[in-house]
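Below you'll find the structure, written out as structure tokens, and then a few comments.
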Amino acid sequence: MIDSEQTLLAGVHDHEYGSIDANKHAAISAREEIAVVSKSLAPLVLTFFLQYLMSVISIYATGKLGPQELAAASLALCSFNITGLSVYQGMATCLDSFCSQAYGAGKHSLVGVYFQRCSLMMLALTIFPLCPIWWFSGSALKYMVPDEELAIMSQSFLRTMILGAPALLLFETGKRFLQAQHIFNAGTYVLVIAVPISFLLNWILVWHPVYGLGFIGAPLATSISYWVMCLLMLLYVVFVDGKKCWGGFDARKACQNWSLMLALALPGVIMVEAEYLAFEVLTILAASFGTLALAAQSIASNIGSLSFQLPFAVSVAVSTRVGHFVGKKDVFGARTVTRVAFVFGCVISLFNFSWIFFSKKLLVAIFTSDSEVMLIGTKVLTMVAINQLADAINVLEAGILRGQGRQKIGSNVNLVCYYIIALPLAYVLAFPMNFGLIGLWAGLIVGVAALAIAELVCVYKSKWPQIMLDSESRHDH
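Residue numbering for the sequence shown follows the UniProt record's numbering, beginning at 1 and increasing consecutively.
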């Protein structure tokens, strides 16, 4: 280790999370890291999958009422995911840096303070401007859909979702609060209980012949389910695990230094929204090629969302692990987990490519029996499979950047690769060059590959001592 690193990292000592012994053989340390990250995988993947089911249940419940209700619920949930859930998840990524680094540094009380601070920031954002946006959403939605009644129904859905928004944001920040303490099972336990409750609530509030409210019962059931999730998460901390980092509510500390947290939270929102909106634009452009192409694109989007769960789960574990080592000022450990993350990225990219590519006909058949849609869908899923080769690595590298506290770099690279490279190229290939839906995906693949390469360069050139110095200056003293 160079002298500057020795000076910066003087006084480092182990905490219970476990540093890596630099005197060990590198291969042994890497195997240990693989074991640590792998242990977190199952609960994280299950957590993300179960949370994804919450929206599916609402779509299923309203779909039984009729096509108008299904369309209105789909439009409302899409709008809520873009303006609400994605914003919450993006802002909560700042805790991947703050909480995990504070925990790694042994500043356990700060983990609780950062949770409170981020939650209050997100609550303030919910009060304004998100609540007014949802309440008056019909004014904007009527320009997006030709059916004014559909826009009004979607607005009613979004207005009811306001009731559950505070609980959802607390669940998102609560997950980060516990994950920073290497508690990954909590979200799974909570959702294993909450998802069946959500299904039961939808049955009672939507379909029940006596208590059913019809269409508006679906968002009400979802909002109640969010509060159930929030309450169960609180009970887990109180009675099971996670109290170590809770020093009580401190209004003064929770309301100060917001600018430091926003410096990571806002780029985190951009990182999440940039990718999400890029795929939404792809779907909108696909509609230009007709109903069959749009149906095939819908299948591709669903398979893409499913395949995303595995690399994103690993990225959360990696982000937390990197943050701990940064907090500990353990350069060797941080470098080791970074190398391990790249190995995971390569393995997952090949795995996702393989199961999509070799089962594409079966996957399309699950969604449709239309021969024309199946033909188009099979071709598009080939492109989805190819996209996995770069996207899984990109997701893992983004997790490393979050753990380092370098969300700003990630947001800038995402904006350039998606909106200067991917979407313009997709448009040119699809329309002027007449490659159609395949052209759209080809442009996206080039952009995602550029993103993976750019983030790989950023991670490879990481100046770990400076990153650790920046982390120390970022924390409250």
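Backbone N, C-alpha and C fix where the C-beta goes; we use that ideal spot for every residue, glycine too.
Residue C245 holds the alpha-carbon nearest to the alpha-carbon of A105 among F128, C245, V413.
Residues C417, I421 of the same chain have their beta carbon placed closer than 7 angstroms to that of A450, with the five preceding and five following residues left out of the count. Cβ contact annotation for F115 (same chain, cutoff 6 angstroms, sequence separation greater than five): T173, F177, in chain order. When only Cα atoms are considered, F249 and H108 end up about 14 angstroms apart. Per DSSP, Y418 is not a residue of any alpha helix (DSSP H), being assigned neither H nor E.
Going by C-alpha positions, I284 is about 44 angstroms away from R31.
In terms of Cα proximity to K328, the closest of L389, V314, G403 is G403. If you check the CB distance, E455 and L401 come in under 8 angstroms.
Annotated three-state conformation of M144 is helix, per DSSP. In this structure, C230 sits near F171, with a CB-CB distance shorter than 8 angstroms. Around the beta-carbon of L350, fewer than 16 other beta-carbon atoms lie within 10 Å, marking it exposed.
Look at C255 here: in three-state DSSP terms it is coil, with no helix or strand label.
One thing to note: L292 has its Cβ within 8 angstroms of the Cβ of I376.
In the three-state scheme derived from DSSP, where H, G and I count as helix and E and B as strand, W227 is classed as helix.
Secondary structure at F184: coil, using DSSP grouped into helix, strand and coil. Relative to C346, the option among A392, V192, F358 whose CA is nearest is A392. For G84, there is no enclosing alpha helix (DSSP H), as DSSP marks it with neither H nor E. Judged by pairs of C-beta atoms under 8 angstroms, the stretch 430-443 does not touch the stretch 452-467, as fewer than three such pairs exist.
Its chain contains Y114, F115, C118, T173, R176, F177, A180 as the residues whose beta carbon lies nearer than 8 angstroms to that of L95, once the 5 sequence neighbours on both sides are disregarded; these appear in chain order.
Under the 8 angstroms Cβ criterion, the stretch 47-65 does not count as touching the stretch 138-153, having fewer than three qualifying pairs.
Each of Y103, W441, V228, A263 was checked against the Cα of R406, and the nearest Cα belongs to A263. In this structure, the straight-line span from the alpha carbon of L163 to that of I127 is close to 11 angstroms. Between L232 and A194 a beta carbon distance of about 6 angstroms is seen, short of the 8 angstroms cut, so the two are scored as contacting. Distance from the CA of L150 to the CA of S225, rounded to the nearest whole angstrom, comes to 25 angstroms. Scanning its chain for C-beta atoms nearer than 6 angstroms, with the 5 sequence neighbours on each side dropped, one finds around Y236 the residues A186, in chain order.
Beta-carbon to beta-carbon, A296 and V380 are separated by about 5 angstroms, close enough to satisfy the 8 angstroms threshold. Annotation for R406: no alpha helix (DSSP H) segment contains it, and DSSP assigns it neither H nor E.
For D470, the enclosing alpha helix (DSSP H) has its first and last residue at 464-474. The beta carbon of M153 sits closer than 6 angstroms to those of A72, all from its chain and outside the five residues before and after it, given in chain order. Straight across, the Cα-Cα distance linking S58 with F80 is about 13 angstroms.
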